[in-house]
Amino acid sequence: CPIGTYQSAKKQITCLDCPKGSYCSTKALIIDTKCPIKTYQNKLKQNTCIICTSGSYCDVIGLQNKKSCGKGKYSFFNSNLCTPCPIGTYCPTNTNSKPTYCDTGYYNAQTTQSLCIQCPVGNFCKDPTILPTQCTTGYVSLVGATSCTLCPFGKIPNTNRDACINCPAGKECKWSMQGQTACKDCPIGHSCASKSSQPIQCDLGYYSPAGGATCIQCEAGKYCKFLVGQGTSCNVGYYSLIGSTKCTLCESGFKCDKPELKVACTKGYYSVAGATTCTKCLDGQACNNYNNQPRFCPSGYYHFDFITNGDMTQCLICSAGKYCTTNDKKPLACPNGMIYRQCTNLSAIQSKTGVLKLF
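Numbering (the numbering used here) for the sequence shown: 2 to 360.
See the structure below:
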């Protein structure tokens with residue numbers, strides 16, 4: 002029998018083709034030879050076996066076809082087994098001759114993998130053989146990063162930790178330092194506009210509650226000293242204008258029934274300092290509405306009903322034949338036999354104008 006054939010029986014007129022999985026390397030063979038481990042033969046009438054190629058394996062004798070390693074494994078030339086792809090590598094096809102290292106920013110922490118995993122946001126992958134490492138406080142990273150980036154002043158990581166964002170209005174970056182994870186409320190008496198890394202103190206006469214984005218001018222009727230979260234109401238008898246740092250005692254001649262303004266007393270009324278109401282002047286008193294106390298008309302003078310009669314700051318002189326004692330609201334007739342202002346027997350010189358100005 003020629004090479005590639007054999008015949009094991011006697012008295013045969015033909016030779017048999019060497020079957021698949023075997024080889025017949027010499028003439029006059031009475032039996033075929035099975036292909037050894039690490040080889041195969043997928044054709045008839047062959048005088049040699051084929052060495053198993055890389056990416057496949059031949060683990061038994063008489064193998065007719067090589068076996069593929071499959072994804073996640075590899076083999077070298079002339080192998081009888083496949084090797085799992087180690088960590089940090091991948092084997093993407095069914096016939097891998099060697100493992101492929103993960104690209105930068107990818108990882109594989111397990112063996113027998115057909116692909117590498119891209120490093121997720123908020124993590125970095127410097128070593129492809131280990132799981133992703135989470136960015137530390139105040140740092141961010143994009144997908145596939147090999148390192149994390151520190152957020153600058155006034156910024157914090159967003160929820161996904163893939164970007165740095167400004168603290169919203171009314172918030173300040175915690176401690177106003179780099180690498181923070183959260184914004185905190187702007188402190189009392191400060192403003193924290195968006196994009197501001199540090200709170201700004203409010204000016205005197207302004208206030209801001211915790212978490213305030215801007216400073217607010219102190220309302221009338223209140224006062225705002227240094228670093229306050231709200232205005233303090235004026236006490237009774239005091240007032241203040243908008244933007245005040247203190248309350249002012251209501252001046253005489255004014256009333257302060259509302260702390261946000263003072264109101265001048267009208268004609269015929271007066272007030273003392275710190276008053277919340279104006280008091281009506283009594284008859285027999287001279288009264289200046291800008292003064293704090295009325296004054297009694299002296300003897301020989303009188304006045305009454307200042308609101309409707311004449312100048313309320315002056316007393317009128319008693320006419321001849323009448324007398325006026327202190328605080329009289331109108332002249333009284335002299336008794337018989339007496340004359341002039343004070344009803345005496347002595348002469349008295351009257352004022353040319355007939356009035357006495359007390360203010």
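For every residue, glycine included, the Cβ atom is placed at its ideal position computed from N, Cα and C.
Next on the checklist: Let's test the definition: count the other Cβ atoms within 10 Å of the Cβ of Gln114 and tell me whether it reaches 16, buried, or not, exposed.
Outcome noted: Counting from 1 along the sequence shown, the entry for residue 114 is found at position 113. Its Cβ being crowded by 16 or more others within 10 Å, Gln114 is buried.
Next on the checklist: What does the Cβ neighbour count give for Ala10, buried or exposed, with the cut at 16 atoms within 10 Å?
Outcome noted: Position 9 of the sequence shown, counted from the start, is the residue given in the question as residue 10. Exposed, since its Cβ has fewer than 16 Cβ neighbours within 10 Å.
Checklist entry - Along the chain, where does the beta strand (DSSP E) that runs through Tyr268 open and close? => result Against the sequence shown, residue 268 aligns to sequence position 267. Sequence inspection shows Lys at residue 268; the Tyr mentioned does not correspond to that position. Secondary structure note for Lys268: it is in no beta strand (DSSP E), with a DSSP letter that is neither H nor E.
Checklist entry - With a CB to CB cut of under 8 Å and the five nearest residues on each side skipped, what residues in its chain are close to Tyr102? => result As a position in the sequence shown, residue 102 is number 101, starting the count at 1. Excluding sequence neighbours, Tyr102 sits near Gly89, Thr90, Pro129.
Item to check | Lys44 burial status per 10 Å Cβ neighbour count (16 or more: buried) | outcome: If you number the sequence shown from 1, residue 44 lands on position 43. Counting the other CB atoms within 10 Å of its CB gives Lys44 a total below 16, which places it among the exposed residues.
Item to check | Integer-rounded CB distance, given that Gln111 should sit under 8 Å from Gly145 | outcome: For the purposes of this step, residue 145 is taken as residue 144 along the sequence shown, with counting starting at 1. For the purposes of this step, residue 111 is taken as residue 110 along the sequence shown, with counting starting at 1. Their Cβ separation, rounded to whole angstroms, is 19 Å, which puts Gly145 and Gln111 out of contact at 8 Å.
Item to check | Helix, strand or coil at Leu250 [DSSP, three-state] | outcome: Translated into positions along the sequence shown, residue 250 becomes position 249. Leu250: strand per DSSP, three-state reduction.
Next on the checklist: Helix, strand or coil for Ile4? Go by DSSP, reduced to three states.
Outcome noted: Within the sequence shown, the letter at position 3 stands for residue 4. Coil.
Checklist entry - Using a Cβ-Cβ cut-off of 7 Å (strictly less than) and excluding sequence neighbours within five positions of Lys28, which residues of its own chain qualify? => result Taking the first residue of the sequence shown as position 1, residue 28 is located at position 27. Around Lys28: Cys2, Pro3, Ile4.
Checklist entry - Straight-line CA distance for Gly244 to Leu283? => result For the purposes of this step, residue 244 is taken as the residue at position 243 of the sequence shown. For the purposes of this step, residue 283 is taken as the residue at position 282 of the sequence shown. So the alpha carbons of these two residues sit roughly 39 Å apart.
Item to check | Exposed unless 16 or more other CB atoms sit within 10 angstroms - verdict on Gln47 | outcome: Translated into positions along the sequence shown, residue 47 becomes position 46. It is buried - the Cβ of Gln47 has at least 16 other Cβ atoms within 10 Å.
Next on the checklist: Helix, strand or coil, according to DSSP, for Arg162 in the structure here?
Outcome noted: The residue labelled residue 162 in the question sits at position 161 within the sequence shown. Reduced to three states, the DSSP call for Arg162 is coil.
Next on the checklist: Spatial neighbours of Gly363 within its chain, please: C-beta separation below 7 Å, excluding the five flanking residues on both sides.
Outcome noted: Only positions 2 to 360 of the chain appear in the structure, and residue 363 is not among them; the question remains open.
Checklist entry - Just checking my contact of Thr15 with Cys25 at CB under 8 Å: how many whole Å lie between their CB atoms? => result Within the sequence shown, residue 15 is the residue found at index 14, counting from 1. Within the sequence shown, residue 25 is the residue found at index 24, counting from 1. The beta-carbon distance between Thr15 and Cys25, rounded to whole angstroms, is 14 Å. This is too long to meet the 8 Å contact definition.
Item to check | CA nearest to the CA of Lys156, picked from Ile166, Arg162, Ser253 | outcome: Reading the sequence shown from its first residue, position 155 is the one you call residue 156. Checked all of Ile166, Arg162, Ser253; the closest Cα to Lys156 is Ile166.
Checklist entry - What do you reckon, are the CB atoms on Tyr107 and Cys126 nearer than 8 Å? => result Position 106 of the sequence shown, counted from the start, is the residue given in the question as residue 107. Position 125 of the sequence shown, counted from the start, is the residue given in the question as residue 126. When the beta-carbon positions are compared, Tyr107 and Cys126 come within less than 8 Å of each other.
Next on the checklist: Cutting at 8 Å between CB atoms, please list the residues of its own chain near Ala211, excluding the five before and the five after it.
Outcome noted: By 1-based counting over the sequence shown, the position of residue 211 is 210. Taken in chain order, the residues that qualify are Asp186, Cys187, Pro188, Ile189, Gly230.
Checklist entry - If you follow the beta strand (DSSP E) that Lys259 is part of, which residue opens it and which one closes it? => result Mapped onto the sequence shown, residue 259 falls at position 258. The continuous beta strand (DSSP E) containing Lys259 extends over residues 255 to 259.
Next on the checklist: With a threshold of 8 Å between beta-carbons, can Leu242 be considered close to chain B, or not?
Outcome noted: In the structure shown, chain B does not exist; there is a single protein chain.
Item to check | Gly22 versus Val122: straight-line alpha-carbon distance, rounded | outcome: Stepping through the sequence shown from its first residue, residue 22 is reached at position 21. Stepping through the sequence shown from its first residue, residue 122 is reached at position 121. Looking at the backbone, the Cα of Gly22 and that of Val122 are separated by about 53 Å.
Checklist entry - In this structure, what does DSSP give as the bridge partners for Thr233? => result Taking the sequence shown and counting its residues from 1, one reaches residue 233 at position 232. Beta-bridge analysis with DSSP links Thr233 to Tyr224.
Item to check | Cys168: CB within 7 Å of a non-hydrogen atom of the ligand GTP | outcome: Questions concerning the ligand GTP fall outside what the structure shown contains, since it holds no ligand whatsoever.
Next on the checklist: From the DSSP secondary-structure annotation, give me the bridge partner or partners of Asn97.
Outcome noted: Translated into the one-based positions of the sequence shown, residue 97 becomes position 96. Its beta-bridge partners are Tyr75.
Item to check | Presumed contact (8 Å Cβ cut-off) between Glu220 and Gly232, rounded CB distance | outcome: Working through the sequence shown from its first residue, we reach residue 220 at position 219. Working through the sequence shown from its first residue, we reach residue 232 at position 231. So it is a contact: roughly 6 Å between Cβ atoms.
Checklist entry - Of the residues Ser192, Asn159, Cys266, Ser55, which one's Cα is nearest the Cα of Pro100? => result As a working note, residue 100 is residue 99 in the sequence shown. Considering only Ser192, Asn159, Cys266, Ser55, the residue with the shortest C-alpha distance to Pro100 is Ser55.
Item to check | Cα-Cα separation between Phe227 and Cys235, rounded to whole angstroms | outcome: Within the sequence shown, residue 227 is the residue found at index 226, counting from 1. Within the sequence shown, residue 235 is the residue found at index 234, counting from 1. In a straight line, the C-alpha of Phe227 is about 16 Å away from that of Cys235.
Next on the checklist: Between Tyr239 and Thr249, how many whole angstroms is the CB-CB distance? I'm expecting something under 8 Å.
Outcome noted: Mapped onto the sequence shown, residue 239 falls at position 238. Mapped onto the sequence shown, residue 249 falls at position 248. The distance from the Cβ of Tyr239 to that of Thr249 is about 6 Å, consistent with a contact at the 8 Å cut-off.
Item to check | Host beta strand (DSSP E) of Cys184 (start-end) | outcome: As a first step, residue 184 must be located in the sequence shown, where it is residue number 183. In the DSSP annotation of this structure, the continuous segment of the beta strand (DSSP E) that includes Cys184 starts and ends at 184 to 186.
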